[in-house]
Amino acid sequence: MNKNFITSAVIGTSLVLTACNNDNNGSFEPSANTGVLQTVASDYSSSSIQLIGLDNEVPTVSSSQLTDTRSDYIVKGYKDNYYYIGRNEIDTMTRLNTADIVNPELTFDTGEASDGESANVHDLVFASDEKAYMIRYGDTKIWIVNPKAADQENFKIGEIDISAYADDDGKPEATSGAIVDGKLFVAMQRLDFNDDNTPAKEGQNAYVAVFNVANDTEIDTNLTDDEENLKGIELSVRNPALLTTSEDGSLYLVAKGDIYSSYYSDRAPGYIGGIIEINTQDYSTSMIIDDGDDENHPYGYIDNATIIDANNGYFSGYFGWKDNSLYHFNPTTGEVTGAVANIENTNITLLDTSPAGNAWVGIGIAEDPHVIILNSVQEALHRLSLAKNPNTVTFVYQAEEDDFVKLREETEEEVTEEEAAQPFE
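Per the numbering used here, residue -11 is the first one in the sequence shown, and the count goes up by one each step.
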């Protein structure tokens, strides 16, 4: 299905723009520095955006914006823009600006896969204002796009062919990207959807491909092996879900293992995931947190993680549908401090780090969806009530980026003993 370029005047009948006025607690104050939360109804019948003002002592929450009858969206932000990306069978990307954060500037077509199926964009990785890499789960090509383009014709500016990594279903299932040291790292699951999407299929190990951002050519990460072999980093863990970086530029990969094996009665659990660190210079990998084995897996499957700094991070352990626990760990040593109090055996739907250096933990409970904001030492700073379950978050700003550094310092200074003793007020 080919889609034409769409302007903000004809976003589509399923998208309803609403004014940014009252939040669930009665007041929302617009903010230069804003968290953008994409939320989803518990029954996946709708989705919407809620804005979080971050410049006040207590974050303020807007009413729902951009309500849509479809739910498979993510949000990605860069400087003063955020991008509302429709994934499977939606295949659009809408650009919005902090100056008018709920009224779309433009919407772009993100294209079909080469076989006519959905491109199913899973990530957007920014190299600059006018260059970003669109990680397309449903295709064998990464699009290079200009997110600031004035029209569809100037949106796509190049592509990278990753068909060499395709498995037996014809696609490599590229799912996440990150730029470190002038290199684009792209994680590929290589799940065979013609064979119950098992991540343990022989000869289809997961990979991370590496590309030079300056010229978009692939880097051979192992010059000593056969030149006909794949150039990327072959992973010992399977089913990668996320590439994430720390403030010092260290690169980490989260792998879920065979997290969905419970859906198949003839399949062993498959604890073949965890958190690894990737050396961005020599491309070696080291296991930080192992999810264990069939007999001993204290955290269940590890399905998400975020890194605060060299000594502090959080990961989500998955024990079953809507049954997660949050753990604090040291990314440098791999030491797991333990489960975070009051965030155990619940439905963790979101885990990310704000520019202020705090972890945002989304809890998806139909009767009480909310986000808990934690600092690096497991103190809960705020609890934000939402209209729907939080799904993804991004952060945008009108001020200079250095203001977020200031915000980080102010946040650290303002955490008092009294606030820590009453974390959920």
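Ideal Cβ positions, reconstructed from N, Cα and C, are used throughout, including at glycine.
Using the Cβ count rule (16 or more neighbours within 10 Å means buried), how would you classify residue i?
| i | result |
| --- | --- |
| I296 | buried |
| L211 | exposed |
| E401 | Residue placement at E401 cannot be trusted, given a pLDDT of 45 that sits under 50; what the coordinates show is reported in the next sentence. That one is exposed. |
| Q26 | buried |
| S234 | buried |
| I247 | buried |
| S272 | exposed |
| D422 | Here the chain has residues from -11 to 413 only, and residue 422 is not among them. |
| W309 | exposed |
| F181 | exposed |
| S116 | exposed |
| E355 | exposed |
| P286 | exposed |
| I353 | exposed |
| T205 | exposed |
| N217 | exposed |
| E484 | Because the chain is modelled from -11 through 413, residue 484 falls outside the range shown and cannot be assessed. |
| T321 | exposed |
| E265 | buried |
| A344 | buried |
| N346 | buried |
| S373 | exposed |
| Q366 | buried |
| V63 | buried |
| Q269 | exposed |
| Y251 | exposed |
| G74 | buried |
| N267 | exposed |
| M(-11) | Note that M(-11) scores 37 on pLDDT, short of 50, meaning its location in the model is unreliable and no value can be drawn from it. |
| V46 | exposed |
| D254 | exposed |
| S342 | buried |
| G14 | Because the pLDDT of G14 is 43, which lies under 50, any placement of that residue in the model is unreliable, and the number read from its coordinates should be weighed accordingly. By the neighbour-count rule (16 or more Cβ atoms within 10 Å), G14 is not buried but exposed. |
| G170 | exposed |
| A368 | buried |
Using 8 Å for Cβ pairs, my map puts residue i next to residue j. What's the rounded Cβ distance?
| i | j | result |
| --- | --- | --- |
| S35 | S59 | 4 Å |
| D127 | K159 | 7 Å |
| T325 | N379 | Wrong, their Cβ atoms sit about 27 Å apart, outside the cutoff. |
| F317 | G288 | That pair is no contact at about 15 Å. |
| L230 | L239 | At roughly 11 Å, the Cβ-Cβ gap does not stay under 8 Å, so L230 and L239 are not in contact. |
| S313 | G305 | 5 Å |
| T163 | I123 | 7 Å |
| A194 | Q177 | 6 Å |
| G23 | V328 | About 20 Å; that fails the 8 Å criterion. |
| G165 | Y125 | Wrong, their Cβ atoms sit about 11 Å apart, outside the cutoff. |
Alpha carbons only, please: which of the options is nearest the one belonging to residue i?
| i | options | result |
| --- | --- | --- |
| V109 | V225, D117 and G99 | G99 |
| I150 | E355, F199 and E190 | F199 |
| I167 | T341, F114, Y153 and N203 | F114 |
| G261 | I130, Y271, F303 and Y251 | F303 |
| M275 | D43, E323 and F96 | E323 |
| N69 | E141, N21 and A327 | N21 |
| V90 | D270, L179 and P18 | P18 |
| F383 | I263, G74, N76 and L84 | L84 |
| E332 | V242, Y315, T57 and T341 | Y315 |
| D79 | A107, E93 and W348 | A107 |
| N418 | D311, T209, I263 and K219 | This structure cannot settle anything about residue 418, because the visible part of the chain is limited to -11 through 413. |
| A197 | D184, L172, N185 and L179 | L172 |
| N284 | Y153, D103, P257 and D156 | P257 |
| D97 | I351, K64, Y66 and Y72 | Y72 |
| N134 | Y66, S224, V225 and G23 | Y66 |
| W348 | D31, T294 and P187 | T294 |
| A375 | D111, S342 and T55 | T55 |
| L39 | P357, S52 and I207 | S52 |
If we cut at 8 Å on Cβ distances, does residue i have a partner in chain B?
| i | result |
| --- | --- |
| T98 | The structure shown contains no chain B; it holds only a single protein chain. |
Which residues share a DSSP beta bridge with residue i?
| i | result |
| --- | --- |
| F307 | Paired residue(s): none; F307 is not in a bridge. |
| Y32 | Note: Y32 sits in no beta bridge, so no partner. |
| F16 | Paired residue(s): none; F16 is not in a bridge. |
| Q26 | I37 and T380 |
| S373 | H358 |
| P228 | A243 |
| K119 | S116 |
| S437 | Absent from the model: residue 437. The displayed extent of the chain is -11 to 413, so no value can be given. |
| K349 | Here residue 349 is Val; the residue named in the question, Lys, does not match the sequence. Answer by DSSP bridge pairing, in chain order: L339 and I360. |
| D111 | I123 |
| E206 | F199 |
| T320 | DSSP lists no partner for T320. |
| N21 | Y385 |
| A329 | For A329, which the question treats as bridged, DSSP gives no partner whatsoever. |
| S313 | G305 |
3-residue-minimum beta strand (DSSP E) runs that sit fully inside the stretch 121 to 200, ordered along the chain: Segments of the beta strand (DSSP E) lying fully in the stretch 121 to 200: 129 to 133, 144 to 149, 162 to 168, 171 to 176 and 195 to 200.
Within the stretch 41 to 89, ranges of the beta strand (DSSP E) (whole runs, at least 3 residues): Restricting attention to beta strand (DSSP E) runs no shorter than 3 residues, the stretch 41 to 89 encloses them at 53 to 56, 61 to 66, 69 to 74 and 80 to 85, ordered along the chain.
Runs of beta strand (DSSP E) wholly within the stretch 236 to 301 (minimum 3 residues, chain order): Entirely contained in the stretch 236 to 301, the beta strand (DSSP E) runs reaching 3 residues are, in chain order, 239 to 243, 262 to 266, 273 to 278 and 289 to 297.
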